[in-house]
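Protein sequences appear in the order of chains R and L.
Just so it is clear: in the first sequence, position 3 is 3 by the working numbering, and no numbers are missing.
Just so it is clear: in the second sequence, position 53 is 166 by the working numbering, and no numbers are missing.
In this text, a Cβ means the ideal position worked out from N, Cα and C, and glycines have one as well.
Taking it in order: structure first as structure tokens, then the write-up.
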Amino acid sequence: KAGVTQTPRYLIKTRGQQVTLSCSPISGHRSVSWYQQTPGQGLQFLFEYFSETQRNKGNFPGRFSGRQFSNSRSEMNVSTLELGDSALYLCASSLDVGSYEQYFGPGTRLTVT
Amino acid sequence: SQQGEEDPQALSIQEGENATMNCSYKTSINNLQWYRQNSGRGLVHLILIRSNEREKHSGRLRVTLDTSKKSSSLLITASRAADTASYFCATDANGNNRLAFGKGNQVVVIP
């Protein structure tokens, strides 16, 4: 099976712009989670989607949003970008809810200038 | 929310030696997972241990879980240069795929 794919891999944006990142989970996986990784804060949970519904959300401002499509693909959007949004954004897919492994994609490296 | 915390944070060993990392957490968990990350790339899933399990093996990896002490350890035996990476533990409190990660251990294996 193909792994989790994320596009684009690298992105440079300017403060105030918005950005959309995409994630395709492993075939058959229905849960998609998003994480932000920065040197200062480490890995932080953003949100999780299952069957097109957001089930969990981390402590991030409303500028961070996401959605999941019927084929389980997911997108996350960050509006009004700030310098502090520069980070590696990681997507993870899981077969289902419960004690299942999460498989991560290669990430999207976002740089805000 | 709980946070895993690994100890030690940096480890340098010779190829062939064993490497041990520890992780502690604050509240009850459904499961604990260990991941490896190479140079800021994606995370590679290593092993998942459930709260009712005490030990798990996968190849050269051995993970233990002590829920009474709220701690876990990851042992890598017969280390290789390719094991050079950062290792993270992550806890899932409710089995809802919301992982809380520790700060990570940097392991350098010297050939």
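Chain R contact for residue i (CB, 8 Å cutoff)
{"i": "residue 172 of chain L", "result": "no"}
{"i": "residue 163 of chain L", "result": "yes"}
{"i": "residue 219 of chain L", "result": "no"}
{"i": "residue 139 of chain L", "result": "no"}
{"i": "residue 127 of chain L", "result": "no"}
{"i": "residue 212 of chain L", "result": "yes"}
{"i": "residue 135 of chain L", "result": "no"}
{"i": "residue 143 of chain L", "result": "yes"}
{"i": "residue 115 of chain L", "result": "Residue placement at residue 115 of chain L cannot be trusted, given a pLDDT of 33 that sits under 50; what the coordinates show is reported in the next sentence. So, not an interface residue."}
{"i": "residue 154 of chain L", "result": "yes"}
Presumed contact (8 Å Cβ cut-off) between residue i and residue j, rounded CB distance
{"i": "residue 21 of chain R", "j": "residue 36 of chain R", "result": "Between residue 36 of chain R and residue 21 of chain R the Cβ distance is about 11 Å, and since that is not below 8 Å, they are no contact."}
{"i": "residue 19 of chain R", "j": "residue 83 of chain R", "result": "No, residue 19 of chain R and residue 83 of chain R are not in contact; Cβ-Cβ is about 13 Å, not under 8 Å."}
Cutoff 6 Å; reference residue i; Cβ partners in own chain excluding five residues on either side
{"i": "residue 49 of chain R", "result": "32, 68 and 74"}
{"i": "residue 38 of chain R", "result": "87"}
{"i": "residue 205 of chain L", "result": "143, 144 and 212"}
{"i": "residue 219 of chain L", "result": "123 and 199"}
{"i": "residue 208 of chain L", "result": "143"}
{"i": "residue 190 of chain L", "result": "131 and 173"}
Sequence-distant residues of its chain with Cβ nearer than 7 Å to residue i (five each side left out)
{"i": "residue 8 of chain R", "result": "108"}
{"i": "residue 115 of chain L", "result": "Here residue 115 of chain L scores only 33 on pLDDT, less than 50, and its place in the model is too uncertain to base an answer on."}
{"i": "residue 167 of chain L", "result": "177 and 178"}
Minimum Cβ-Cβ distance from residue i to chain L less than 8 Å
{"i": "residue 72 of chain R", "result": "no"}
{"i": "residue 10 of chain R", "result": "no"}
{"i": "residue 106 of chain R", "result": "yes"}
{"i": "residue 88 of chain R", "result": "yes"}
{"i": "residue 48 of chain R", "result": "yes"}
{"i": "residue 98 of chain R", "result": "yes"}
{"i": "residue 66 of chain R", "result": "no"}
{"i": "residue 77 of chain R", "result": "no"}
{"i": "residue 42 of chain R", "result": "yes"}
Selection from the options that minimises the alpha carbon distance to residue i
{"i": "residue 223 of chain L", "options": "L:193, L:207 and L:211", "result": "L:193"}
{"i": "residue 40 of chain R", "options": "L:220, L:216 and L:211", "result": "L:216"}
{"i": "residue 52 of chain R", "options": "R:91, R:70 and R:64", "result": "R:70"}
{"i": "residue 201 of chain L", "options": "L:179, L:153, L:127 and L:128", "result": "L:153"}
{"i": "residue 76 of chain R", "options": "R:94, R:43 and R:23", "result": "R:23"}
{"i": "residue 42 of chain R", "options": "R:90, R:97, R:98 and R:101", "result": "R:90"}
{"i": "residue 147 of chain L", "options": "R:17, R:101 and R:60", "result": "R:101"}
{"i": "residue 107 of chain L", "options": "L:155, L:157 and L:196", "result": "In the structure as shown, chain L starts at 114 and stops at 224, and residue 107 of chain L therefore has no counterpart that could be examined."}
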